[in-house]
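If you use the numbering used here, the sequence shown corresponds to residues 19 to 291, in order.
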Amino acid sequence: MIFTRQTLMMCAADYFDVTYVINHWMRGQVGNVDVQLAQKQWRDYHAIVSKLVDVQLVDPQPNQPDYVFTANAGFVIGNRMVNSHFRTAERQREEPFNQASFMSWGYELVHWPQEVCFEGAGDALLDRGNKNLWCGYGFRSDMSASRILGQIYDRPTIALHLINPRFYHLDTCFCPLEGGYAMYYPGAFDAEALEKIEANLPADKRIVVGDEDAAQFACNTVNIGNTVIMNHAGDALRAKLAVAGFEVITTPLTEFLKAGGAAKCLTLKLLEV
Ligand code: ARG
C-alpha cells in the first residue's frame, strides 16, 4: 500500500467539457462550458485541497471529458480496489486508464462481475461513524452492486434507491461526515431509502440539505477532518454544519455543475480503512 497519508486522486481539467449527454445536468450544455473558467476553477479547488491532504494526479485524457470526475474511478478499502464498470459507453472508455493507475500504485484489483454496473465512490460511501457502507442505485450503479461490495469487503451495506434524475449518483445527495454525521437531500430518495437513512443515522447526526443548496451540489462535499469543501452553502446549511463542528470552505465549481458534478466528484480518497 503506497499511500500512508490521506491522498486524493484528481485529474486536471485540461480536456473537461460537455460533449455528450448522459445525465440530467448535461442537457443543453453541449458547447456551453467555459473551458478556461473550468480550468481556473479546478486549479483554485486543487490549491485548497492540496493544503489539507496529498493529491495524486492522473494524466488528463483527450476525448475523455468526464475523466476529471475521479470519484467514479473505483472504490477502495485498504489495498483492495474495485475498478469501476460504468453504465455508459462514453465513460467505459475510462476504465483501462483507471485500472492502469490503480495497478501502478500497488493496489490489489478485486474481481468485479462485468454484467454489473458500478460507478465507484460516486455510488458507495463509507459511514464515518461506524462500519456501514452506503450504496446508491437506480441510475448508474446496479442494485446488486451493494450486495457484492458487502461480500468483497465484509461490511454491512445499506442500499438506497435514487429516484430523482438530478441526483443520479449517491454522492450528489448524500455525504457521510466525520463523527458519524451525514448531510443528505431527502428529495433524491424513495420512501424506503429515507426509512433506511433514519434507521441507521441518529436524529442528531442528520444534516438535512434543502432544495436550493442541493441544486448547488452542497451534498457533493469533500470532508477532511473538520473541514468541508463544496461549491456553495446557504446560511441555514452553514449554521447546521457549524453546530456540528465543521468549518465550511466554498469554492465556485459552476462549470462542473454543467456536467453534473462538483467538489466530491472531482476527487477519490485513496486511503480508506
Ligand atoms: N458527467 C459525469 C457523468 O455523468 C459526471 C459525474 C459526476 N460524478 C459523481 N461522482 N457524481 O458521469
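For glycine and all other residues, C-beta sits at the position ideal for the given N, C-alpha and C.
Fair warning: this is a prediction, and the values are worked out from it, not measured in the lab.
Original post:
If you draw a straight line from the C-alpha of Arg98 to the C-alpha of Gln24, how long is it?
Top reply: For the purposes of this step, residue 98 is identified with residue 80 of the sequence shown, where counting begins at 1. For the purposes of this step, residue 24 is identified with residue 6 of the sequence shown, where counting begins at 1. Approximately 16 Å between the Cα atoms of the pair.
Original post:
Counting pairs of beta carbons, one from the region 23-41 and one from the region 55-73, are three or more of them closer than 8 Å?
Top reply: yes
Subject >> Residues of its chain near Ala65, where Cβ-Cβ distance is below 7 Å and the 5 sequence neighbours each way are ignored >> reply: Residue 65 sits at position 47 when you count from the first residue of the sequence shown. Nothing meets the Cβ criterion.
Subject >> Leu180 beta carbon less than 7 Å from that of Gly156 >> reply: If you number the sequence shown from 1, residue 156 lands on position 138. If you number the sequence shown from 1, residue 180 lands on position 162. In contact: Gly156 and Leu180 (Cβ atoms closer than 7 Å).
**OP:** State buried or exposed for Lys69, treating a residue as buried only when at least 16 other CB atoms are found within 10 Å of its CB.
**Re:** The residue labelled residue 69 in the question sits at position 51 within the sequence shown. Lys69 is exposed by the Cβ-count criterion.
Original post:
What is the DSSP secondary structure of Gly228, counted as helix, strand or coil?
Top reply: Along the sequence shown, read from residue 1 onward, the residue named residue 228 stands at position 210. Looking at Gly228 - three-state DSSP - the assignment turns out to be coil, as it is neither helix nor strand.
Original post:
Rounded to whole angstroms, how far is the Cβ of Met248 from the Cβ of Ala277, which I believe are closer than 8 Å?
Top reply: As a working mapping, residue 248 is identified with position 230 in the sequence shown. As a working mapping, residue 277 is identified with position 259 in the sequence shown. Incorrect: roughly 16 Å between the Cβ atoms, too far for contact.
Original post:
Residue range of the alpha helix (DSSP H) that Ala65 falls in?
Top reply: The residue labelled residue 65 in the question sits at position 47 within the sequence shown. Ala65 -> alpha helix (DSSP H) spans Val53 to Leu70.
Subject >> Presumed contact (8 Å Cβ cut-off) between Val226 and Ala236, rounded CB distance >> reply: Position 208 of the sequence shown, counted from the first residue, corresponds to residue 226. Position 218 of the sequence shown, counted from the first residue, corresponds to residue 236. 11 Å between Cβ atoms; not a contact.
**OP:** Just tell me which of Val128, Gln110, Asn238 and Ile20 has its CA closest to the CA of His250.
**Re:** For the purposes of this step, residue 250 is taken as the residue at position 232 of the sequence shown. His250 has its Cα closest to that of Asn238, out of Val128, Gln110, Asn238 and Ile20.
Subject >> Local conformation of Met161 per DSSP, three classes >> reply: Mapped onto the sequence shown, residue 161 falls at position 143. If DSSP states are grouped into helix, strand and coil, Met161 belongs with coil.
**OP:** Check Leu271 in the structure and name its three-state DSSP category.
**Re:** By 1-based counting over the sequence shown, the position of residue 271 is 253. Three-state DSSP puts Leu271 in coil, outside helix and strand.
Subject >> Span separating the alpha-carbon of Asn116 from that of Asp253 >> reply: Here residue 116 is taken as the residue at index 98 of the sequence shown, counted from 1. Here residue 253 is taken as the residue at index 235 of the sequence shown, counted from 1. So the two alpha carbons sit approximately 38 Å from each other.
Subject >> Residue from Gln234, His103, Phe274 and Lys223 with nearest C-alpha to Gln47 >> reply: As a position in the sequence shown, residue 47 is number 29, starting the count at 1. When only C-alpha atoms are compared, the closest one is Phe274.
Subject >> Beta bridge counterpart(s) of Asn101 as assigned by DSSP >> reply: What you label residue 101 is simply residue 83 of the sequence shown in a count that begins at 1. Looking at the DSSP assignment, Asn101 forms a beta bridge with Gly92.
Subject >> Cβ shell of Tyr85 (< 6 Å), same chain only, five flanking positions each side left out >> reply: For the purposes of this step, residue 85 is identified with residue 67 of the sequence shown, where counting begins at 1. So the qualifying residues of the chain are Cys29, Gln79 and Glu112.
Subject >> Reduced DSSP category for Ile166 - H, G, I as helix; E, B as strand; rest coil >> reply: Taking the sequence shown and counting its residues from 1, the one referred to as residue 166 is at position 148. Of the three classes helix, strand and coil, the one that applies to Ile166 here is helix, per DSSP.
**OP:** Could you tell me whether the Cβ atoms of Lys214 and Ile176 are closer together than 7 Å?
**Re:** If you number the sequence shown from 1, residue 214 lands on position 196. If you number the sequence shown from 1, residue 176 lands on position 158. Their beta carbons are under 7 Å apart, which means Lys214 touches Ile176 by this criterion.
**OP:** Determine the direct distance from the alpha carbon of Gly147 to that of Thr194, and round the result to whole angstroms.
**Re:** Reading the sequence shown from its first residue, position 176 is the one you call residue 194. Reading the sequence shown from its first residue, position 129 is the one you call residue 147. Looking at the sequence provided, one finds Pro at residue 194 rather than Thr. Distance between the alpha carbons of Pro194 and Gly147: 9 Å.
**OP:** Can you tell me which of the three DSSP states Phe264 falls into?
**Re:** In the sequence shown, counting from the first residue as 1, residue 264 sits at position 246. Correct three-state label for Phe264: coil.
Original post:
Are there 16 or more other CB atoms within 10 angstroms of the CB of Asn50, so buried, or fewer, so exposed?
Top reply: Walking along the sequence shown from the start, residue 50 turns up at place 32. With fewer than 16 other Cβ atoms within 10 Å, it is exposed.
**OP:** Starting from Asn218, trace the alpha helix (DSSP H) both ways and give me its first and last residue.
**Re:** To locate residue 218, count along the sequence shown from 1; it is residue 200. Element bounds for Asn218: Ala209 to Asn218.
Subject >> Heavy atom of ligand 1 within 6 Å of His42 beta-carbon >> reply: By 1-based counting over the sequence shown, the position of residue 42 is 24. Checking the Cβ of His42 against ligand 1 gives no.
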